[in-house]
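Enquirer: My numbering applies: residue 1 is where the sequence shown begins, and numbers increase by one.
Here a beta-carbon is modelled for each residue, glycine too, at the ideal position from N, C-alpha and C.
These figures come from a predicted structure and were not determined experimentally.
I have a structure here, written as structure tokens, and I will follow up with some questions on it.
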Amino acid sequence: MTHHKPLAHLLISVTKKYLSIFSQQTEGLDIDRYQYVLVLINLHEETLTQKALCEILEVDKSFMVHIIDYLSSKGYVNRVVNISDKRQHHIKLTDKAKQAIPGIEKAIARLNDKSMEHLSESQIQTFSDVLQQINSNLSEVKPKGITINYRK
Numbered sequence: 001m002t003h004h005k006p007l008a009h010l011l012i013s014v015t016k017k018y019l020s021i022f023s024q025q026t027e028g029l030d031i032d033r034y035q036y037v038l039v040l041i042n043l044h045e046e047t048l049t050q051k052a053l054c055e056i057l058e059v060d061k062s063f064m065v066h067i068i069d070y071l072s073s074k075g076y077v078n079r080v081v082n083i084s085d086k087r088q089h090h091i092k093l094t095d096k097a098k099q100a101i102p103g104i105e106k107a108i109a110r111l112n113d114k115s116m117e118h119l120s121e122s123q124i125q126t127f128s129d130v131l132q133q134i135n136s137n138l139s140e141v142k143p144k145g146i147t148i149n150y151r152k
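Quick look at the structure:
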């Protein structure tokens, strides 16, 4: 049997490089992490609750509170009480966030293009399918306390 490096080693290496470059490309913002959360809120037309964000990002409630507090303190989001259910808060984007999102989306597009350079369409599709399958294979395991920190 051949000895293989843990898959985590390669995934962590790629993730660190990707997030480091992403952070550099969005350097004009006064936030150095969680930029994607703004894009996600925008994609869902500001209808997401904190709980829904937790589920999409697969993070626990306390970590989501930390993310929203951070983005709120920097002036990018506000919590708005849901009128039909006072226990829920919808996360709304500020004008500052709305101005930043096109640049964040361009940085994501550039970085994705760079990441997939020299790969054929079928390789990209296979890569995507394989990652989805790995994610599915591991989905019944609830992640515990693993945080990818990519602060400058």
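Report the residue ranges of all beta strand (DSSP E) runs contained in full by the region 44-110; include only those spanning at least 3 residues, in chain order.
Expert: Complete beta strand (DSSP E) runs here, min 3: 77-82, 85-93.
Enquirer: Return yes when the Cβ of residue 48 is within less than 8 Å of the Cβ of residue 90, no when it is not.
Expert: A contact, by the Cβ cut-off of 8 Å.
Enquirer: Helix, strand or coil for residue 9? Go by DSSP, reduced to three states.
Expert: Residue state, collapsed to three classes: helix.
Enquirer: Give me the Cα-Cα distance between residue 5 and residue 13, rounded to the nearest whole angstrom.
Expert: Going from the Cα of residue 5 to the Cα of residue 13 covers about 12 Å.
Enquirer: Is residue 55 near residue 93, with beta carbons less than 8 Å apart?
Expert: No, the Cβ-Cβ distance between residue 55 and residue 93 is not below 8 Å.
Enquirer: Quick check on this structure: which residue in 18, 132, 118, 138 has the alpha carbon closest to the alpha carbon of residue 111?
Expert: Nearest C-alpha to residue 111: 18.
Enquirer: Can you tell which of 130, 96, 109 has its C-alpha closest to the C-alpha of residue 28?
Expert: With distances taken between Cα atoms, residue 28 lies closest to 96.
Enquirer: Determine the DSSP secondary structure at residue 40, reduced to helix, strand or coil.
Expert: Three-state result, residue 40: helix.
Enquirer: Taking the C-alpha atoms as reference points, what is the distance between residue 71 and residue 131?
Expert: Whole-angstrom Cα-Cα distance: 29 Å.
Enquirer: Quick one: Cα of residue 38 to Cα of residue 61, how far?
Expert: If you take the alpha carbons of residue 38 and residue 61, they lie about 17 Å apart.
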